[in-house]
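Residue numbers (this note's numbering), protein chains in the order written: chain A, -12 to 92; chain B, 75 to 269.
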Amino acid sequence: MNEQHTHDEHSHPGVGTYLIVAAVLTIITLVEVGVFYVPAFEPLLAPILLTLSAGKFVLVVGFYMHLKTDHRLFSVIFTVPLMIAVAVVVALLFLFGVFALPSGT
Amino acid sequence: MTTHADAMHHTSTGLDSRKVGFWVFIGSECLLFGSLISTYLVYQGKSVVGPTTEEILNIPLTSMSTFVLLMSSLAMVLALAAVTRGDRLWGRVWIAATAVLGMIFLGFQVYEFTHFVHQGLTLRTNLFGSTFFVLTGTHGAHVLVGVIWLWTLFVRSLQGKLGPDKAMNVELCGLYWHFVDVVWIVIFTVVYLLR
């Protein structure tokens, strides 16, 4: 095989890392569901759940999709449209009044 | 050894063109799902007739299906690791495990959809039904494509045509599968947990 393929093989995390990531993903999912059922967390439910979800997203993309160790170009190709998608979602939510702006703005 | 087929897939960046192209595809998929998720959020709580989110969504059931999909991602990376090191048996086992877990996830979704229809929620009932079924249905269609792709790889493996030199084929399928997984991570939070 050529040099690039050899590099790719060595840059991927090992099985142990994959298992640790799976365990962390499972724990985060359990915490998410737990938080959902605890009334005390209700005022902070959205930020907590979005943070936990973002953590899971980063773990899968970073370790399972190998963006943490792969060539940076792949991260750029993925991140730019992702940011555009997030911007579109936020813009539409403002446009349709889901996020109420303070009066006078 | 570099074959002609391998060489023609490499670009001036030194990266495999199939992998670069696939990341571009995944980027475009971000925009597709971004538009579907924003449509769901924009119309959330605006249904004038029931059933609504609070009345119908089953969190414990969906938590189980989320766990199944997360475990399928683990099986997928283990499949790639096995194929890369030339372990044909375990490569085959983990590919089949990923496909079976994907089918279990689809089973959960079919059960959920059927249950919702029996409860009176269809694509045309209200805004929640329309946006929910389009979003989760599009995701389910992606899972189905992934399952078909995985079984195709499994058959190639049985034919002895999935050695370490073909690890890129498994890696591309893995990228697709993990993307479907991260989309579900977002859907699970936005649709099921955030009200």
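Every residue gets a Cβ at the ideal spot worked out from N, C-alpha and C, and that includes glycine.
Cβ closer than 7 angstroms: which chain B residues qualify as neighbours of A/K43? Using a Cβ-Cβ cut-off of 7 angstroms, A/K43 is close to I259 of chain B, given in chain order.
If I measure Cβ to Cβ from B/H252 and keep anything under 6 angstroms in the same chain, skipping five residues before and after, which residues do I get? Only S147 meet the Cβ criterion.
Distance check for B/I111 and B/V208, CA to CA, integer angstroms please. Cα-Cα distance, rounded: 10 angstroms.
Would a C-beta distance cut-off of 7 angstroms place B/W258 and B/L143 closer than the cut-off? The Cβ-Cβ distance between B/W258 and B/L143 falls below 7 angstroms.
Does B/W164 have its Cβ less than 7 angstroms from a Cβ in chain A? Judged by the 7 angstroms Cβ criterion, B/W164 is not in contact with chain A.
Considering only residues of the same chain and omitting the five flanking positions on each side of B/T85, which have a CB-CB separation below 8 angstroms? Non-local C-beta neighbours of B/T85 in its own chain, meaning closer than 8 angstroms and more than five positions away in sequence, comprise S91 and V94, ordered along the chain.
Within this structure, are the beta carbons of B/A149 and B/T172 separated by less than 7 angstroms? Their beta carbons are under 7 angstroms apart, which means B/A149 touches B/T172 by this criterion.
Please classify B/H189 as buried or exposed, where buried requires at least 16 other C-beta atoms within 10 Å of its C-beta. When all chains shown are included, B/H189 counts as exposed.
Residue environment, B/T76, which counts as buried when at least 16 other CB atoms sit within 10 Å: Residue placement at B/T76 is poorly supported in this model, since its pLDDT is 43, which falls under 50; the coordinates still yield a value, given next. With fewer than 16 Cβ atoms within 10 Å of its Cβ, B/T76 is classed as exposed.
Any chance the stretch 159 to 176 of chain B sits against the stretch 225 to 238 of chain B, with 3 or more Cβ pairs inside 8 angstroms? Result yes; three or more Cβ-Cβ pairs closer than 8 angstroms.
Mind pulling the chain B residues with CB within less than 9 angstroms of A/I64? Here the neighbours are V94, W97, V98, I100 and G101.
Whose Cβ in chain A lies nearer than 7 angstroms to the Cβ of B/V151? What B/V151 touches in chain A: Y5 and Y51.
Per DSSP, what kind of secondary structure is B/T226 in: helix, strand or coil? Helix at B/T226.
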